[in-house]
Structure formats: C-alpha cells, structure tokens
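Working notes, structure below.
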C-alpha cells in the first residue's frame, strides 16, 4: 500500500491522457450496461416473481389461440389454486397510438388478490370494482399520460372490433422492478361489447371472425397458488384436464412465462453480445495503447527505479496497478453511473411503449465492473512485462 | 501546406500506436455498421414488400394483418371486383390470406411465435420475386407448407421433409424453402389457406385480402369502393403505405443502433484524441522547426487534423471491411410490435456506408481538434528548446 501515492501520482502525471482513457472506458461500459440489461432484465424480473407462486395458462398454440372463459371456474376448483382471473390482452389504440401500453381485461374482484404485491387505495379499489367501465392503471402510466382518477381513458379496438370507453377509477403502485404501466379493466365490459358485435353481425355488421376474437375468450388465465409446492402439480393437472379438449393448454409458472419473451429475441441477443465483445476488445487496444505510451515516456524512470533496487515483480506490480486503476475508474463511472442514471431517469417513459420498466440489476453492474478491471489488467500486462524486463543500462542511456 | 506524406510517414514511424488505434476504432465502427446493416435490412424488407399497385384489405380499425380479420364472404366479394390485374395465364391477382401465430420451437430448445400464413395460388405473384429454392412448392389440401431459409435453419422440423408441429391439430409437412426478394414474407411459414382454416377452426374468416390493381385508375376505384362502402366496413390500404406503417417495428432497432453508434463514436473519439495528443507531444520540436521554416499556424492545424482524420479513416475502412463478409448474415428475432418471429438479413447499403463515414469524421475531427490546437499554440522558441 505504501506505493499507492506513487501510483496515483503516476496516473495523474498526464491528466489529459488518463481522463481520455477513463472517459473512453466509462462510455463504453455505460453502453454495455444498457445492452446487457436490456436482454437480462426480463429474466431478472421473472426470477423475482418466483415468490408470488403464480401460474399462467394459455392456449397450447400460443397467444392467438382460444381459451374458453368457462375454464376460469373449472380451474378455480383445482387443488392448490387460490385465486383465478381471465387475463385478456386488448392491445387497443390510445390517442391514435398503436399499442402504447399493455391493456388487460381481468376479473376485477380477484386481480389484486393475485397481483398482491401492488398497493391500491381501498376506496379507489372499491370504486373500480363497482364501476363496469372502470380501469385501474399503474402509477407510471398515470404520470406518462398525466392521468388522474376520474379521467376518461378511451381505447380504440385494434385486435378486437370494439372500443372501450374506460374511466380511470384507481391507480396502483408497487416496487420499481414491477410493471407500473399496465391498464387493467373489467373482463365483463369487453366481453359484453364483443357479444354485441357478434350478434349484430347477422345484420351485416362487422365481426371478429377468428375464433379467439369472439366473446367468451379468456385470452390467458392468471392463477395464484396457495404455496410454491403445489405449483408444478397444478400446472400438470390443468394441462392434463384439457389435453383432449378442443383447445389444449400450456400452463407454466409466471417466471417461465416471462422468460419465454426473453427467448423470443433469439439471434438479436447474440448479435448484441457480439457487439459487446467487440467493444471490450476495442477497449483493450485503447487502454493498452494509452498505457504503452505512458510507459514509453517513462523508460528512463523505470530504469532509475530498477537501479535503486526495485525488483522486477515490484515494477510489474506498479504498472499493472496503475492500468487497473485507470480502467477501473472508467468502469466505476460507466457501470455505476449507468445504474444510477437509469434509476433516476425513467427510461420506459421515453420508449414509446417498448419497455414498461428499465433498470440495471446489481449483478450486471458488478459484472461490468469486473470486466473493466479485467480490461485494466489485460491492457497493462504487456507494457508492464516490457517495463519489468527492460534493461537498466539502455533505459538510463535513453534520451526521451 | 505541409505535404500529406509527412503525416503518412509519421503514422508509419509510430506504427504500433497507429495499429492499436486503427484496430480499436475499426472494431467500434464495425459494430455500429453491423447494427445499421440490420436496420437497413429490416427497412428494406418492408420497402420491397409493397408494389405500388398492390392493395391490402383489413378490417376497419385494425392496423396489421395479425390483428385484422373479417368474414370470408366479404373477401369473396372483393375477389370479384372489377379492375384486378391478371397474370400471363389469365389468373386474377387477388388472394385471401389467413394468418395464425403459433409457438414454434427452435432447434436449440427456445421458443418464438411463428406466423403461419394460409395462402392462395395468387399470393406468390403478389410478392416480389417469389422463388422456390429448395424442394418444391406446396400442393393444396395436403397439409404441406413451405418455409423461409432462416426458419428452415433454426426451427425444429422446419427442414425439407420435416414436420412443423404446433399441436396435435396443427402440423405441416415441409416440402420446400422459398425466397421472396428479401421481403417481409421471408419471416413466415406458408401453407394452403384451406389447411390453415381447417387446422385453426377458423373456417369462413380471413385475415386480409391482397389485390393487385390492373392500372392506377383501377387502383383508385377499388380503394374508393372498399373504403366508402358501409357494407364492407373494411379499409383498403395501399401496400406501400401499409408497410410504411409497420416501420414501427424497425424503429426500436434504429434507436438502439443510433444510441450505440453515438456512444461508441465518443469512445473512439477519446481514443483517437489520446493517440494524437501523444503524437503532438513527441513532435514538439518538429512543430517548432516547421513554424521556424515559415509554415503558418493554419498549416499546422490542418496537418494535424488531417493526420487524425487519416488515422480514423483507416480504422473506419477496416471496420467496413470487417462487415463485408456479413452480407450473408441473417438473424431471427422477435418483432416488437406483433411478438412474432422476424428474419433480418444484413444489408450493406448506403446506411452502413453513411454511418461509417459520419463516425469516422466525427472521431477524426473532434478527436484531433484539441491536440491540433495544442500544437498550434506552441511557442516557437519554447518548442525548439524542448528535448
């Protein structure tokens, strides 16, 4: 540790160079945090959902398939199931924007027994339950669109040939790693609207014809189980029940369901990770170059150090530590800076509905930090070896 | 003016530093180029998909084929409208199509939603450059399908002779692989309309009707008939407009690409600045000599800026070179607005070249600016005295 001052002084000797190297590393690490978080966030969120013991039923064929709403009652009878709600994606337009946020029609009496980590003021919740056209929205969604309780929230049907003229009755809140940008409304309200179009079609009106878009479709069924032990059994039981029906199901934990979306990214994930690797290699060149330049300027100084008795190992240590210090400092600024930036600035707000939430998980930030330390080590390695093995006589003789 | 040879030689003398800087910037430029090549590929696929005389009919109010959907009886009326183009053998160029989105399993065990499009014979003519490249085209009513190259490469059972299995009731025998001029169709599985109707239990409904008008006048009149008729309650959208609207799906990639490119440019800018600062510092005496010989401050500034741009241009060119072998690269991911599989083929077009050019100059000029200004500001006497 007694050399620490010396190392710091060395690093500050050419402040412009050190600052540029730090800035270069910092910016690249900042970018890397965003990229990696984007792809791992879903899994991070999904994993944190494990404790809530929830499972999701969908048509085995995918989102487009039918899941008769009558099954909600049947599934409620399955052992270990505590609460059940239909969970139907509406995907309507708001202010002529296509899919600006997630909208689900749900069983108003049950939904917050299932999503029990959210908090809703009891008076608002009662108001929501009592009003057929009521909607409950997340706190962030409310602030995005400047919506207050009592405001109208008209959604135009895109997937469904029905418009929902909702009124905000309640606003829910929750932890930062929860989706606070959902709009939930009464299943019955949508279903009755769909029944009307189905009936009026006889007289030449429009009709949602694909089987999944008529009334009576639950979309998905969202379930809260009594405890973690019964989850696997319940999933199996439910799939078993409908195996030979017209609409077989795929039932999985909420965690697996969330991860499925991550899987969809497919090759894009690899392409972006490829970019990440290229950036790291590039940083190796950049910081390595800076370190090599620094050492070239100090050739005679290193020779003096060795002449007065510093051994090889110590010189190696001095140079490596300096390199790690500079790259590490850039890493700290880039990774932690990115983490706090994303905590303070709500990225989701500016993503036009692509991201409901965004943050940099701690494990990713620490990983980034480790990468930057590695960059420091690897980039300082060659210059350090050269300095440690340089000839004292040549070094002393050299005029810079 | 100081000859450019001076800068070239300088870069060559300090070749180690030069090489490191070039490689560093090359990797950063190359990474950004790859992303923009993918954005370009995605946008290209949307652009070539729409022929100016093609119309696509959707239910009024829906914004895409996957959310549209109406009765087949209306679709049949559309097929009989006047003014629809015919191909050489006299077949009318109009097709009913039915889309299903089902979960497919990739060979590596992960899943994604695949679009299965039930088509009619005319659907092929309505896509640019439709070709069967492996195997044969599907025969109607036999539960067969054809797939795009990327899907054949990545999905379980999607190879010719394989069985694409989506459920006990929905499975198709793969008989061929098709290309469609890089258009959006290359992300889909195509099966016979009747088979898809039967398998999904959606008899009597279609997702959209695709039509090619015989002439501009017919195009206008068909559009007018459909849009104005209260019976239809459909919207006839020019296909080019339709795909223009779908660009939302590429917006995300484009934004991400831009962000990455901008940040990486800054990263590379600092690296270039570092190298140039060192170059100026080690040449202090040289700069003094040149000033003493009578070169003006402007000459020095231009020379050092030029050297910086040259350095970065070499990096940029190398970065572009990295991306050349990628023209065959095709990635499969999820469309962020319909959650369905989309294949993107890397395209080495003007967008990639522009990104490389802009990045290179931004790095070269801004990275070289401060070192060059430092060089200019040197006092001649002090510079000459410097060791």
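Protein chains in written order, with my numbering: chain A, 1 to 400; chain B, 1 to 387. Glycine included, each C-beta is placed from N, C-alpha and C at the ideal position.
Beta carbon proximity, residue i to chain A, threshold 8 Å
i, result
"residue 59 (chain B)", "yes"
"residue 103 (chain B)", "yes"
"residue 385 (chain B)", "no"
"residue 23 (chain B)", "yes"
"residue 308 (chain B)", "no"
"residue 400 (chain B)", "This structure does not reach residue 400 (chain B), given that chain B is present from 1 up to 387, and the question cannot be answered."
"residue 275 (chain B)", "yes"
"residue 113 (chain B)", "yes"
Cβ shell of residue i (< 6 Å), same chain only, five flanking positions each side left out
i, result
"residue 54 (chain B)", "212 and 239"
"residue 237 (chain B)", "56"
"residue 144 (chain A)", "349"
"residue 355 (chain A)", "348"
"residue 58 (chain B)", "68, 208 and 235"
Inter-residue spacing [alpha-carbon to alpha-carbon] between residue i and residue j
i, j, result
"residue 109 (chain B)", "residue 204 (chain B)", "35 Å"
"residue 209 (chain A)", "residue 160 (chain A)", "The predicted position of residue 209 (chain A) is uncertain, since its pLDDT is 43 and thus under 50; no value can be drawn from it."
"residue 367 (chain B)", "residue 18 (chain B)", "14 Å"
"residue 195 (chain A)", "residue 157 (chain A)", "14 Å"
"residue 123 (chain B)", "residue 172 (chain B)", "19 Å"
"residue 179 (chain A)", "residue 269 (chain A)", "22 Å"
"residue 388 (chain A)", "residue 395 (chain A)", "11 Å"
"residue 186 (chain B)", "residue 93 (chain A)", "28 Å"
"residue 211 (chain A)", "residue 198 (chain B)", "Here the model assigns residue 211 (chain A) a pLDDT of 48, short of 50, so the residue's position is not dependable, and the following value carries that caveat. Approximately 12 Å between the Cα atoms of the pair."
"residue 191 (chain B)", "residue 214 (chain B)", "27 Å"
"residue 239 (chain A)", "residue 32 (chain B)", "46 Å"
"residue 81 (chain B)", "residue 216 (chain B)", "15 Å"
"residue 69 (chain B)", "residue 32 (chain A)", "42 Å"
"residue 402 (chain B)", "residue 150 (chain B)", "No information on residue 402 (chain B) is available, as it lies outside the stretch 1 to 387 that chain B covers here."
"residue 336 (chain A)", "residue 284 (chain A)", "20 Å"
"residue 225 (chain B)", "residue 206 (chain B)", "19 Å"
"residue 264 (chain B)", "residue 157 (chain B)", "40 Å"
"residue 373 (chain A)", "residue 275 (chain A)", "19 Å"
"residue 361 (chain B)", "residue 151 (chain A)", "51 Å"
"residue 3 (chain B)", "residue 324 (chain B)", "32 Å"
"residue 47 (chain B)", "residue 235 (chain B)", "20 Å"
Sequence-distant residues of its chain with Cβ nearer than 8 Å to residue i (five each side left out)
i, result
"residue 5 (chain A)", "none"
"residue 88 (chain B)", "none"
"residue 56 (chain A)", "87, 220, 221, 222, 223, 251, 252, 253, 254 and 257"
"residue 241 (chain B)", "50"
"residue 382 (chain A)", "288 and 292"
"residue 119 (chain B)", "95, 97, 190, 191, 192 and 193"
"residue 128 (chain A)", "108, 120, 134, 135, 136, 169 and 170"
Same chain, Cβ closer than 7 Å to residue i, neighbours up to 5 away in sequence not counted
i, result
"residue 71 (chain A)", "218 and 221"
"residue 442 (chain A)", "As shown, chain A starts at 1 and ends at 400. That puts residue 442 (chain A) outside it, with no answer to give."
"residue 45 (chain A)", "177 and 258"
"residue 301 (chain A)", "none"
"residue 346 (chain A)", "140"
Neighbour flag for residue i against chain B, beta carbons, 8 Å
i, result
"residue 291 (chain A)", "no"
"residue 27 (chain A)", "yes"
"residue 24 (chain A)", "yes"
"residue 11 (chain A)", "no"
"residue 17 (chain A)", "yes"
"residue 21 (chain A)", "yes"
"residue 248 (chain A)", "yes"
"residue 31 (chain A)", "yes"
"residue 281 (chain A)", "yes"
"residue 396 (chain A)", "no"
"residue 354 (chain A)", "yes"
"residue 98 (chain A)", "yes"
"residue 286 (chain A)", "yes"
"residue 411 (chain A)", "Since the first residue of chain A shown is 1 and the last is 400, residue 411 (chain A) is not available in this structure."
"residue 91 (chain A)", "yes"
Residue i - partner residues in DSSP beta bridges
i, result
"residue 251 (chain A)", "A:57"
"residue 55 (chain B)", "B:211 and B:238"
"residue 182 (chain A)", "A:102"
"residue 116 (chain B)", "B:100 and B:189"
Partners in chain E for residue i, counting only beta-carbon separations shorter than 9 Å
i, result
"residue 295 (chain A)", "The structure shown contains no chain E; its protein chains are A and B."
Could you run through the region 148-176 of chain A and flag, in chain order, every residue whose CB is less than 7 Å away from some CB of chain B? 156, 157, 158, 159 and 161
Legend entry - Interface positions of the region 153-185 of chain B facing chain A (Cβ-Cβ less than 8 Å), listed along the chain: Correct list: 154, 166, 167, 168 and 170.
Query raised in the report: Using Cβ-Cβ distances below 9 Å, what residues of the region 61-88 of chain A are close to chain B?
Result: Cβ contacts with chain B: 61, 62, 63, 64, 65 and 66.
*asked:* Give me the subset of the region 259-274 of chain A whose CB atoms are less than 7 Å from a CB atom of chain B, sorted by chain position.
replied: 260, 263, 264, 265, 266, 267, 268 and 271
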